[in-house]
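Same order as they appear, the protein sequences are chains F and G. Numbering that gives the first Met the number 0 applies: residue 0 is where the first sequence begins, and numbers increase by one. Numbering that gives the first Met the number 0 applies: residue 0 is where the second sequence begins, and numbers increase by one. Cβ atoms here follow ideal geometry from the backbone N, Cα and C, with glycine treated the same way. To keep things clear, I will list the structure first and then write my remarks on it.
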Amino acid sequence: MDIFIFALTLSLMYGLIAAGFALILGTSRIFDLCFGSYYMVGAYSYFLCHDTVGKIPGLFLSICIACILAWLIHRFILYKFRETPIVVMVVSTSLAIAISEGIMFFFGSEYMYVPPLWDGSLDVFGASIAHQRLLASVVSISALSLLWFYLNKTKQGLAIRALIQHPEVAELVGIRPRRMHLTVACIGAGLAALGSIMVVPVFTLTPHIWLDAILLAFAGVVVGGMGSVGGALLAMVVIAFSETLVSFLIPEGGFFRQAVYVIIMVIVLLVRPYGFFGKKEGG
Amino acid sequence: MPVAHLKEVPKDSRIQLLAILTVLAAAPLWAPNLWFVRILIIANVFAVYALSWNLLVGYTGQISFGHAFFFGGGAYASVVLNKYLGLPVPLAMTASALICGLAGFLLGYPCLRVRGVYLALMTWAFPLILIGFVMYFGAIFGREMGISGYDGLSSSYVANYYASLVLIVSAVALEIAIVQSRYGLIIRGIRDNEILAESVGVHVSKFKIMMFALSGLIAGISGAFYAHFLKSITPELLAVDMSILVIIMVIVGGLGSAIGPVMGAFIVTFLNSYLLYINELRMMIYALALIVILFLRPQGLLPWTPKIGARRSG
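As structure tokens, then:
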């Protein structure tokens with residue numbers, strides 16, 4: 000029961016991250032490996048400002064900071080290289096490393112503790128669940144339903160879905176690809192930042208967490224299929240459950256966390272190279 | 000990807016190669032101090048590493064984002080063989096190169112199923128599995144502390160320097176020999192148009208796997224040399240930074256030639272050493288430099304590399 004509830008809350012938290020990445024990738028076909036940096040920048044700015052401006056304003060402020068960062072990176076760098084995905088990967092990976100080194104420069108590389116938004120814990124069916132996890136689940140569910148509403152019920156959402164389905168035709172009917180692309184990049188980064196502020200109090204904050212986030216995002220895309228937000232969410236359930244199982248069953252299995260993501264990814268790539276919900280294409 | 004845009008392979012002129020070789024061979028004579036020789040040795044090792052990446056990516060067109068798997072893997076394999084099994088250094092290095100070649104051979108199989116961005120993702124992830132193992136079996140691999148206290152190379156810097164020179168010369172010679180042979184034509188064919196290559200009877204999978212194995216072998220031996228030269232290794236050798244560093248080196252120098260990666264490795268290594276005092280911001284400088292280079296001169300910094308042809312989308 001412990002395992003089940005842990006994994007369930009974990010998959011909801013991870014869902015935010017994976018959905019953000021799947022959205023960016025689906026709309027613009029850009030493998031933005033800086034995604035982990037938005038996640039990390041969100042967490043660090045929350046860490047910086049939660050004392051001075053309070054927890055809730057700090058939350059919104061750090062989401063804004065992550066959005067601005069994403070806008071800048073996409074507008075001035077990645078959008079220029081969008082025709083060549085491999086170049087995008089090279090550039091964004093080196094940018095991500097640069098950002099993480101910059102953060103290491105200012106904050107040092109030691110572990111940091113971020114206070115949760117909501118202290119304490121609660122007993123659910125005999126399992127002790129920290130309030131933060133509960134809060135994270137609620138926030139995640141509401142953010143994801145907002146996202147669903149935005150994508151399915153608004154005009155902009157329609158434009159985004161059109162871009163995912165068929166970029167050229169979408170452009171023909173007057174959707175501006177760059178504007179939509181930047182909007183989506185901001186939304187994705189915002190989700191990442193929100194996810195990080197939910198997740199980081201449960202784990203720890205180091206300049207290396209971008210790697211975790213980007214691996215999760217990868218796994219979501221690979222398992223769920225390119226451009227499928229629902230698929231990414233489902234993938235996170237798989238990931239969270241296997242991660243929790245591994246860390247419960249193998250002593251010191253925490254070291255294998257990243258390896259677990261990778262192994263799941265590789266297996267899926269071998270069995271179904273276009274993911275479980277992706278369209279078949281010569282990607 | 001820049002790989003696909005090179006219309007022709009930049010020919011490595013013999014005069015340039017010979018000139019570089021002469022300058023390098025006389026290096027202990029003109030090097031101002033031992034520190035400089037030390038940097039040169041590391042530059043040589045990185046040049047071999049860059050050549051191995053170039054062989055796979057520049058010539059065969061199979062992108063690898065996880066070459067640290069072979070570099071770090073070679074380092075760890077050689078060190079473990081030397082420290083725990085007592086193999087002498089040259090034997091341990093050879094064995095670890097063979098292990099890395101075998102690893103490349105085995106990893107080549109899953110890599111056949113994916114291409115383009117997915118291949119990049121998959122290779123990106125491989126070193127992380129290795130890091131997981133290094134961290135888990137802390138008793139052997141020493142976790143974050145890494146391993147030290149194993150045999151180094153010879154104690155003389157000049158002898159080490161010539162050993163690294165032999166390594167780099169043989170790597171360049173091997174690469175040029177491969178590229179100018181029939182195999183070179185075949186792998187470049189695979190890079191430029193895989194379907195066409197297959198239709199004229201090229202066993203594409205066989206050659207791809209061969210190149211993975213060969214590239215792994217070369218990267219493995221450079222990693223082993225690096226480990227025995229520095230006399231201590233940490234899991235940083237397996238980190239993403241290491242995989243990206245080699246990409247930066249090759250892009251700085253220019254893809255798909257033998258001189259390009261070598262020069263790129265020298266430029267980056269010297270920058271590395273002189274920027275030692277601002278260690279934390281090094282990568283930032285590289286990233287910015289890389290972006291500027293990709294904007295302005297995607298064919299690499301060297302003046303004689305040909306212009307890159309019209310961009311194809313996708």
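Output needed for F/Ser44: all residues of its chain with C-beta closer than 6 angstroms, excluding positions within five of it in sequence on either side, in chain order. Ser61 and Ile64
Rounded to whole angstroms, what's the CA-CA distance from G/Met0 to G/Gly115? Just pull it up for me. Only weak support exists for where G/Met0 lies, its pLDDT of 39 falling under 50; the value from the coordinates is given anyway. Each residue's Cα considered, the two are about 9 angstroms apart.
Does the beta-carbon of F/Asp118 have 16 or more other beta-carbons within 10 angstroms, so that it is buried, or is it exposed? exposed
What did DSSP end up calling G/Ser63 once you bin it into helix, strand or coil? coil
Is it the case that the Cβ atoms of G/Leu127 and F/Ala258 are separated by a distance below 8 angstroms? yes
Using a C-beta cutoff of 8 angstroms, does G/Asp240 count as contacting chain F? yes
Taking the alpha-carbon positions, what's the F/Cys48 to F/Lys54 distance? 8 angstroms
How about G/Ser256 and G/Leu55: are their beta carbons less than 8 angstroms apart? no
Report the residue from G/Ala96, G/Ser204, G/Ile246 and G/Met282 whose alpha carbon sits nearest the alpha carbon of G/Leu216. G/Ala96
Determine whether the beta carbon atoms of F/Met179 and F/Leu204 lie at a separation below 8 angstroms. no
Over what stretch of residues does the alpha helix (DSSP H) that includes F/Ile186 continue unbroken? Pro176 to Val198
Alpha carbon to alpha carbon, how far is F/Val222 from F/Ser246? Give it in angstroms, no decimals. 21 angstroms
Below-8 angstroms beta-carbon distance, G/Ile14 vs any chain F residue: no
Tell me whether G/Gly308 is buried or exposed, calling it buried when 16 or more other Cβ atoms sit within 10 Å of its Cβ. With a pLDDT of only 42 at G/Gly308, under the threshold of 50, the placement of this residue in the model should not be trusted; the figure read from the coordinates follows. Exposed.
Say whether chain G places a C-beta atom closer than 8 angstroms to the C-beta of F/Trp117. no
Member of G/Glu193, G/Thr268, G/Asn159 and G/Met121 whose CA lies at the smallest distance from the CA of G/Gly65: G/Met121
Is there a Cβ from chain G that is less than 8 angstroms from the Cβ of F/Phe34? no
Where DSSP assigns a beta bridge to F/Glu120, which residues make up the other side? For the record, residue 120 of chain F in the displayed sequence is Ser; it is not Glu. F/Ser120 is bridged to F/Ala129.
Can you tell me whether F/Gly173 is buried or exposed, with buried defined as 16 or more other CB within 10 angstroms of its CB? exposed
Over the uninterrupted alpha helix (DSSP H) stretch that includes G/Phe211, give me the two end residues. Val203 to Leu229
Would you call the CB atoms of F/Ala142 and F/Phe34 closer than 8 angstroms? no
Do you know offhand how far G/Asp150's Cα is from G/His227's? 7 angstroms
Outcome for F/His165 when other beta-carbon atoms lying within 10 angstroms are tallied against a minimum of 16: exposed
Would you please verify whether the beta carbon of G/Ile208 is less than 8 angstroms from any beta carbon of chain F? no
Under a CB-based cut-off of 8 angstroms, is G/Met282 close to chain F? yes
So what does F/Leu204 bridge to, in DSSP terms? F/Met111
Residue burial classification, F/Gly281 (beta-carbon count within 10 angstroms, cutoff 16): Residue placement at F/Gly281 is flagged as unreliable, the pLDDT there being 40, under the threshold of 50; a coordinate-derived value is accordingly withheld.
Who are the Cβ neighbours of G/Ala158 in its own chain at under 8 angstroms, not counting the five residues just before and after it? Leu152
Exposed or buried, what is G/Leu84 when buried is set at 16 or more other beta-carbons lying within 10 Å of its beta-carbon? exposed
Please list the partners that G/Leu55 has in chain F, where partner means a Cβ-to-Cβ separation under 8 angstroms. Under the 8 angstroms cutoff, chain F gives no residues; its nearest Cβ is about 13 angstroms from G/Leu55.
Excluding the 5 residues flanking G/Leu237 on each side, which residues of the same chain have their C-beta closer than 6 angstroms to its C-beta? Ala67, Gly71, Pro126, Leu129 and Ile130
With distances taken between CB atoms, is the gap from F/Leu232 to F/Gly14 smaller than 8 angstroms? yes
Span of the alpha helix (DSSP H) holding G/Pro27? Ala26 to Trp29
Of all the options F/Met264, F/Leu193 and F/Thr51, which has the alpha carbon lying nearest to the alpha carbon of F/Val137? F/Leu193
Put F/Ile29 into one of helix, strand or coil per three-state DSSP. coil
With a cut-off of 8 angstroms, does the C-beta of F/Gln164 fall near any C-beta of chain G? no
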